[in-house]
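The next block holds one structure in the form of structure tokens; read it before the comments.
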Amino acid sequence: MSTPATATTTTPATDPTMTMAQALNTALRDALTDDPNVLVFGEDVGPLGGVFRVTDGLQEQFGDTRVFDTPLAESAIVGTAIGMAMYGLRPVVEMQFDAFAYPAFEQVVSHLAKLRNRTRGGVSLPIVVRIPYGGGIGGVEHHSDSSEAYYTATPGLTVISPGTPQDAYTLLRQAVACPDPVIFLEPKRRYWGKGPVDVDDPGPGMNRAVVRREGTSATVLAYGPMVATALEAAELGLAEGYDLEVVDLRSLSPFDDETVSASVRKTGRAVVVHEAASFGGYGAEVAARVTERCFHHLHAPVARVTGLDVPYPPPRLEEHFLPNPERILDAVANLQWERHLEDQA
Amino acid sequence: MSTPATATTTTPATDPTMTMAQALNTALRDALTDDPNVLVFGEDVGPLGGVFRVTDGLQEQFGDTRVFDTPLAESAIVGTAIGMAMYGLRPVVEMQFDAFAYPAFEQVVSHLAKLRNRTRGGVSLPIVVRIPYGGGIGGVEHHSDSSEAYYTATPGLTVISPGTPQDAYTLLRQAVACPDPVIFLEPKRRYWGKGPVDVDDPGPGMNRAVVRREGTSATVLAYGPMVATALEAAELGLAEGYDLEVVDLRSLSPFDDETVSASVRKTGRAVVVHEAASFGGYGAEVAARVTERCFHHLHAPVARVTGLDVPYPPPRLEEHFLPNPERILDAVANLQWERHLEDQA
Amino acid sequence: MTGPGAIAYDEKTAEALLPTAEPLQLIDEHGARVHCPGHELPSDAHLVALHRAMVLGRRFDTQATALTKQGSLAVYPSSRGQDACQVGAALALAPQDWLFPTYRDSMALVARGIDPAEVLVLLRGDGHCGYDVHATRTGPQCTPLATNALHAVGLAHAARLAGDDVAVLALLGDGATSEGDTHEALNVAAVYRAPVVFLVQNNGYAISVPLSKQTAAPTLAHKGIGYGMPGVLVDGNDVAVVHSVVAAALDRARAGGGPTLIEAVTYRLEAHTNADDATRYRLTGEVEDWQTRDPVERSRVHLRAAGLLDDDAEAALAAEGEEQAAALRTAMQKETVHDPRTLFSDVYATPTRLLDEQAARLADELAEDA
Amino acid sequence: MTGPGAIAYDEKTAEALLPTAEPLQLIDEHGARVHCPGHELPSDAHLVALHRAMVLGRRFDTQATALTKQGSLAVYPSSRGQDACQVGAALALAPQDWLFPTYRDSMALVARGIDPAEVLVLLRGDGHCGYDVHATRTGPQCTPLATNALHAVGLAHAARLAGDDVAVLALLGDGATSEGDTHEALNVAAVYRAPVVFLVQNNGYAISVPLSKQTAAPTLAHKGIGYGMPGVLVDGNDVAVVHSVVAAALDRARAGGGPTLIEAVTYRLEAHTNADDATRYRLTGEVEDWQTRDPVERSRVHLRAAGLLDDDAEAALAAEGEEQAAALRTAMQKETVHDPRTLFSDVYATPTRLLDEQAARLADELAEDA
Ligand SMILES: Cc1ncc(C[n+]2csc(CCOP(=O)(O)OP(=O)(O)O)c2C)c(N)n1
Ligand SMILES: Cc1ncc(C[n+]2csc(CCOP(=O)(O)OP(=O)(O)O)c2C)c(N)n1
Ligand SMILES: [Mg+2]
Ligand SMILES: [Mg+2]
């Protein structure tokens, strides 16, 4: 089923702020304008403009051979995108919701991720698979999955998730330009959040993490929907005496060890946050690699603040499922500060 | 394509040793005998007895309504198993190879894993999905994937992998008896390995890890195909002065923290081993949770010895991809023993 | 030719799997009886019962839409316009039969006798499934498209193995027919000769995508022959023909005749859900056009002409609808208690240690907050 | 009826999508010419070229099987018996056309002109794909069943968008037709009117599973109508009819006529692969029966009768085959160098730091070992 589509598109040009949905829409528009090989297709992306309106107005502007509705078949969407890319096109496809990308899983894992390698570089697949993911929007079951772990565990895929409208624009443009397949995870609960967007800002590069807030007490590692939550925690943390550093991972795979390790070595403590369940979740990788690289700088094990290890709950219970600033601060408070005091003493 | 099917079935009764394939075959036979609701189906499991002969002779013995070939459609195999389980049956289904389970991913993640929860306990799905997994058999592409991370990241699934013929028998019987869906990962390169099997040995319980070899220097955490490799490393390690403890995880999810943490707290060092790629792999979860629980006992970060972060290579290169005893011992050697010597000094 | 790949088949039998050129009808758009070879008009009592269920279904649907506008439901996919499909099909089921519905099929569930408040649990956001699947012999309202079709086939096959007198009905939308799972379900059902009937409610759209962009087939019913099962095309706004054809297919299934694919041509009068903006993709006049073919009205006209419905009966029916609607409003006004502890129940038969730990942590949090 | 869900279609046009009752033939089992309405016998020169390619293909296949027995190949799925399908189809392709084969289609690849040694790279275990996909306009030999069909549709659609004179041929087995991806590919191809042809080589088995357990359809070609595309049934052991029907379908596709589904009834004379034990599931006499219908022999008899082949020509052809086989043996005897560093190349366009680290570690290991 679809979901409230309250995002609308405005011409951005010099508009200093826009919603994330608008930023994505603008990125697609600019990509379609700049490169005639870019195509946008998926379920309901045409006249409807997508259930989240991210493709709003694109078919009207670019015609129905470049922006079009597909039959309702996700494996076909990814599978035909692969064939099109083999012929030189750059498809940007939309999976309507996280859980509805699963029918395409075989095409993603066995072909999309591997074809460059399988053909010894003969075939590149510059394909972007856009997936609105995560919860917090009151969606019924199967509309709020955080499925990033399935993709980050798959070599050959690049997995990106923006946390701000600016990154939504910049990262999507870079994903479209990327010669490799990109799983582009859009935090649907942030579609309507506003922020400044400078379309000319190249950012630090698609595969770099950024420090969103400098701090000294501990590093909070977040991405996508949780970046805003982490920043909120940092603000609230001040009152509790914590000066938190917030790192927005942006590129889930490949991982920017440099930026992350530098931050954790500096603060000596880390919390990784995501909506997905804890067990086997992406946060395990983050915790493991941070520990591998910063073991002797760590005063406490890397903490994980995650969704519960249960299927995503119905809307009326989701607030208990989702990480929030309080849980992040609780985790921070448990980072063995006694030892810190001992050190200081 | 299929793969050498050199396993054959013997009547096991009092046979003190059998291959893992025979042990699995015996487990299925005994399960079919004991419970008329047990069904076995999948691709080529009937007259052919499965490409690995794990279902050899079962159709002959139990008839083609209880053991049968399905059309070639993995989503259908899992999806229909769900419907059958809703009617009271206990399907044990076979996916022919790891990578050929991907077409069933949506049924596994959105239904198999979640249906009990979605129906508030109304629907139980006592289904076993048998998946021969991993490499080392010289298989062409798509025949050697280690796909465990996809399943362990999914709440609601129980994920089991036997490392010995005894466990193959015991765990499969327990999986069939389990009221929840079990992803049963069979290490295909160990199908032909022999070991003693006592069909009456109840073992420690399906969700328990076991210490396969006691030791004091460091804990090697392994499962499925890597248990034998870890034990080999332990033998070789003696010459290098290491007395390794080897823990066979058996139950990937749920995880037996008790057994694992006890071992790591004792040895103070840990290496987790698997064939799957490192990044986002199951070993990340193991490393993260061991660190969370044993941080102050650890002399070094938990090391990961894994397959390379590349698509599974062609047969002639797989030896370089796969973890082996040497790599395990290299990892052990890097567990910051200087500090150990300092402690002793 | 002989051998495993060459199937000997009889051309006549094969042709019989094709649908008729025009959708089958028993009652035409003007409420008049039509002769339909092989299908009988349901009995008077049945026709009245079908009408009653449609009126109540329609009233339920209207109420649910109203509740959604008031913010009581998270989302509501109305089935207004598909009343004849949903009611005709649901009432064709014997009590022991099973139904595998989608999110769209609220009216079918209500017609099956499931408490309307339980039907809305999913859509209100209170739970994933509001009714007892086993007691109602009804699968959960299914959102991942076409996946329910496979569950239906599996259950049907199990019932057949058990020798039980059970048939199964799977509901699908026109859009869902494009999914691989629909194909696998149809194919496996035919190979197993499973006692299952697939009813595709072709309401013209999959959200915004019209059928012409979904398939190039003459009709969806033409898919049947490719699986070796009959494909039947019916007027989905004629409750009599839907009921009669679905009942016949269920009987055939029960008797070991194998599955049937039925396409019911109908129309979704409302937007996809309350959150959808149908003006973006509908043609002008389209809705109005279909409104003139309202299935409830058609049935009413027919019953009135046949002397099976009079003012009194209509008034009584309307009153019954109002009563049900009022009950539903009351039920929906009650704030449901959502115990966060239930988050952890029924993930596994026995909670894992991991879940126990998380439950304890959540309990602490809640205690602190309180 | 009107509206989005009601497709107006012409019954006659729809019926034309159905296959003939008997598989089309141009040359019968005795090598005699058969009249086949709408299809011409290929020219003499073509028939000779087809025969030549079959003889060479058969010799290649025999050599590959022998090499496998000697342990030179990791696995070999022989296409012996399917020679007419593979050669007839491959030679129907124009140079600019694309082919999306499966693991079974070695003969088709050789007939397309790909170096036999490159064809065997996958099966020898040296690499995942031995030939240049773009230069040969041939997708990698595909193991995940039916997945290649979607790549074919996508590429065909892209070619059409570009206005290029390109058609695409997707090869599938009978078993693969049960997969959801086959359905999605057929459906999307028809909706897009993509210039693609689907050739199902119905060789009677999916490993051990006979077609009767794969489908209940009259024939697989009967699936066409359910997608709105012609379903054509041909004798897969008649190279003339396979070639002629595939060529016509490719031309139709190129001209904007949309996709075609072709079922070629044939037989896999060998086991599924060298690792398979076909005695477990074959019927007695089955193989012998099909051996009498050998496609190469049929073509030979026809050409001899037609005066298009004489002893000298046969001897020359045999010699050419031996030469090719000898070259293949020599190529396979050469030990390939497998540089472990290539493990890390082409995972991403630019190697990641993670891969660089692992590559460095592996280099150290190898240096130590050396
Ligand atoms: C596998 C999957 N993909 C996408 C969706 C999102 N979605 C929900 S309803 C819908 C349209 C369904 O159309 P149809 O099958 O005709 O049913 P209708 O809504 O018209 O009853 C879509 C695309 C989904 N629920 N499941
Ligand atoms: C998705 C998938 N499932 C299962 C397999 C394992 N498998 C390899 S070949 C084969 C049989 C294929 O039969 P068919 O399509 O008739 O082709 P044929 O081998 O007869 O040419 C199977 C089941 C696979 N390769 N891919
Ligand atoms: Mg619809
Ligand atoms: Mg076959």
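Chains U, R, H and P are the protein sequences, given in the same order.
Counting in the working numbering, the first sequence runs from 32 upward without gaps.
Counting in the working numbering, the second sequence runs from 32 upward without gaps.
Counting in the working numbering, the third sequence runs from 58 upward without gaps.
Counting in the working numbering, the fourth sequence runs from 58 upward without gaps.
We put the CB at the ideal spot given by N, CA and C, even for glycine.
Mind checking if GLU241(P) is an interface residue toward chain H, Cβ cutoff 7 angstroms exclusive?
Along the fourth sequence, read from residue 1 onward, the residue named residue 241(P) stands at position 184. Chain H contact via Cβ: present.
Within 10 angstroms of the Cβ of GLY364(H), are there 16 or more other Cβ atoms? Answer buried if so, exposed if not.
Translated into the one-based positions of the third sequence, residue 364(H) becomes position 307. Its Cβ having fewer than 16 others within 10 Å, GLY364(H) is exposed.
Can you confirm whether TYR133(R), when its beta carbon is compared against all beta carbons of chain H, has any partner nearer than 7 angstroms?
In the second sequence, counting from the first residue as 1, residue 133(R) sits at position 102. For TYR133(R), the answer is no, since every Cβ of chain H falls outside 7 angstroms of its Cβ.
Cβ-based burial, ALA206(P) [other Cβ within 10 Å; buried from 16]:
On the fourth sequence, residue 206(P) is found 149 positions in, with the first residue counted as 1. Result: buried.
How about ALA263(H): is its Cβ closer than 6 angstroms to a heavy atom in ligand 3?
Numbered from 1 along the third sequence, position 206 holds the residue referred to as residue 263(H). Checking every heavy atom of ligand 3 against the Cβ of ALA263(H), one is found closer than 6 angstroms.
For the segment 163 to 175 of chain R, list every residue whose C-beta sits within 8 angstroms of some C-beta in chain U, in sequence order.
GLU172, HIS173
Determine the direct distance from the alpha carbon of GLU79(P) to that of THR323(P), and round the result to whole angstroms.
On the fourth sequence, residue 323(P) is found 266 positions in, with the first residue counted as 1. On the fourth sequence, residue 79(P) is found 22 positions in, with the first residue counted as 1. C-alpha separation (whole angstroms): 14 angstroms.
Beta carbons nearer than 8 angstroms to chain P: which residues of the segment 327 to 347 of chain H have them?
LEU340, GLU343, ASP346, TRP347
Can you list, in chain order, the residues of its chain with a C-beta nearer than 8 angstroms to that of CYS186(H)? Leave out the 5 residues immediately preceding and following it.
If you number the third sequence from 1, residue 186(H) lands on position 129. Excluding residues within five positions, the ones whose Cβ falls inside 8 angstroms are VAL178, LEU179, PRO197, GLN198.
Following the continuous beta strand (DSSP E) through MET49(U), name the residue where it begins and the one where it ends.
As a first step, residue 49(U) must be located in the first sequence, where it is residue number 18. First-last of the beta strand (DSSP E) with MET49(U): 48 to 50.
Within a Cβ cutoff of 6 angstroms, which residues of the same chain sit near ALA174(P), ignoring the five residues on either side of it in sequence?
Position 117 of the fourth sequence, counting from 1, holds the residue named residue 174(P). Excluding sequence neighbours, ALA174(P) sits near ALA388.
Is it a yes or a no for the segment 211 to 219 of chain P touching the segment 294 to 306 of chain P, going by three-plus beta-carbon pairs under 8 angstroms?
no
Any heavy atom of ligand 1 within a distance shorter than 6 angstroms of the CB on GLU74(U)?
As a working mapping, residue 74(U) is identified with position 43 in the first sequence. Result yes, Cβ under 6 angstroms from ligand 1.
Within the 7 angstroms Cβ cut-off, does PRO102(R) reach chain U?
By 1-based counting over the second sequence, the position of residue 102(R) is 71. Interface criterion not met: the Cβ of PRO102(R) is under 7 angstroms from no Cβ in chain U.
Per DSSP, the bridge partner or partners of ALA301(R)
Locating residue 301(R) in the second sequence gives position 270, counting from the first residue. Paired residues: THR250(R).
Report yes if the C-beta of GLY110(U) is less than 6 angstroms from at least one heavy atom of ligand 4; otherwise report no.
Position 79 of the first sequence holds residue 110(U). No.
Could you give the C-beta distance for GLY237(H) and GLY237(P), rounded to a whole number, given that I count them as a contact under 8 angstroms?
The count along the third sequence starts at 1 and reaches residue 237(H) at position 180. The count along the fourth sequence starts at 1 and reaches residue 237(P) at position 180. Indeed, because the Cβ distance is near 2 angstroms, the residues count as touching under 8 angstroms.
For HIS351(U), which residues in chain H fall below 9 angstroms Cβ to Cβ?
As a position in the first sequence, residue 351(U) is number 320, starting the count at 1. Neighbours of HIS351(U) on chain H, chain order: HIS395, PRO397, LEU400, LEU419, GLU422, LEU423.
Should PRO78(R) be listed as close to ligand 2, given that the test is whether its C-beta is under 6 angstroms from any heavy atom?
As a first step, residue 78(R) is located in the second sequence; it is residue number 47 there, counting from the start. No, the Cβ of PRO78(R) stays beyond 6 angstroms of every heavy atom of ligand 2.
When you measure from the CB of ASP333(P) to every non-hydrogen atom of ligand 4, does any distance come out below 6 angstroms?
Looking up residue 333(P) in the fourth sequence gives position 276. Outside the cutoff, so no.
So, with DSSP's three-state summary, where would you put THR195(H)?
The count along the third sequence starts at 1 and reaches residue 195(H) at position 138. Reduced to three states, the DSSP call for THR195(H) is strand.
Three-state secondary structure (DSSP) at ARG325(H)?
For the purposes of this step, residue 325(H) is identified with residue 268 of the third sequence, where counting begins at 1. Coil at ARG325(H), not helix or strand.
Closer than 7 angstroms between beta carbons: that is the criterion. Which residues of the segment 144 to 159 of chain R meet it against chain H?
ARG147, ASN148, ARG149, THR150, ARG151, GLY152, GLY153, VAL154, SER155
Tell me which residues of the segment 234 to 252 of chain R have at least one Cβ-Cβ distance to chain H shorter than 7 angstroms, keeping chain order.
none
If the cut is a Cβ gap below 8 angstroms, which residues of chain P does LEU120(U) touch?
As a working note, residue 120(U) is residue 89 in the first sequence. Those are ALA215, LEU218, listed as they occur along chain P.
What is the rounded straight-line gap between the Cα of CYS325(U) and the Cα of GLU179(R)?
Numbered from 1 along the first sequence, position 294 holds the residue referred to as residue 325(U). Numbered from 1 along the second sequence, position 148 holds the residue referred to as residue 179(R). Cα to Cα, the separation comes out at about 27 angstroms.
Is it the case that the Cβ atoms of GLU276(U) and SER294(U) are separated by a distance below 7 angstroms?
Taking the first residue of the first sequence as position 1, residue 276(U) is located at position 245. Taking the first residue of the first sequence as position 1, residue 294(U) is located at position 263. Yes. Within cutoff.
To be precise: take each residue of the segment 124 to 136 of chain H, compare its Cβ to all Cβ atoms of chain U, and keep it if any distance is under 8 angstroms. Which residues remain?
So the close ones are ALA131, VAL132, PRO134.
Alpha-carbon spacing of LEU79(U) relative to LEU98(H), whole angstroms
The count along the first sequence starts at 1 and reaches residue 79(U) at position 48. The count along the third sequence starts at 1 and reaches residue 98(H) at position 41. CA-to-CA, the gap between LEU79(U) and LEU98(H) works out to about 41 angstroms.
Is ASP231(H) near ligand 3, with its Cβ less than 6 angstroms from a heavy atom?
Indexing the third sequence from 1 puts residue 231(H) at position 174. Indeed, a heavy atom of ligand 3 lies less than 6 angstroms from the Cβ.
Terminal residues of the continuous alpha helix (DSSP H) containing LYS69(H)?
In the third sequence, residue 69(H) corresponds to position 12, counting from 1. Per DSSP, LYS69(H) belongs to the alpha helix (DSSP H) from 68 to 72.
Boundaries of the alpha helix (DSSP H) in which PRO183(R) is found, first to last residue
Against the second sequence, residue 183(R) aligns to sequence position 152. A quick correction: the sequence has Thr, not Pro, at residue 183(R). Segment 179 to 183, the alpha helix (DSSP H) holding THR183(R).
State the Cα-Cα distance for the pair VAL139(U) and VAL109(U), rounded to the nearest angstrom.
Translated into positions along the first sequence, residue 139(U) becomes position 108. Translated into positions along the first sequence, residue 109(U) becomes position 78. Distance between the alpha carbons of VAL139(U) and VAL109(U) is about 7 angstroms.
Taking 7 angstroms as the cut-off, decide whether the C-beta atoms of GLY285(P) and ALA273(H) are in contact.
As a working note, residue 285(P) is residue 228 in the fourth sequence. As a working note, residue 273(H) is residue 216 in the third sequence. It is a contact, given that the beta carbons lie within the stated cut-off.
Would you tell me roughly how many angstroms separate the C-alpha atoms of ALA265(R) and ALA192(H), rounded to the nearest one?
For the purposes of this step, residue 265(R) is identified with residue 234 of the second sequence, where counting begins at 1. For the purposes of this step, residue 192(H) is identified with residue 135 of the third sequence, where counting begins at 1. For ALA265(R) and ALA192(H), the distance between alpha carbons rounds to 56 angstroms.
Run down chain R in chain order and give the residues with a C-beta less than 8 angstroms from the C-beta of ALA7(U).
This structure does not reach residue 7(U), given that chain U is present from 32 up to 376, and the question cannot be answered.
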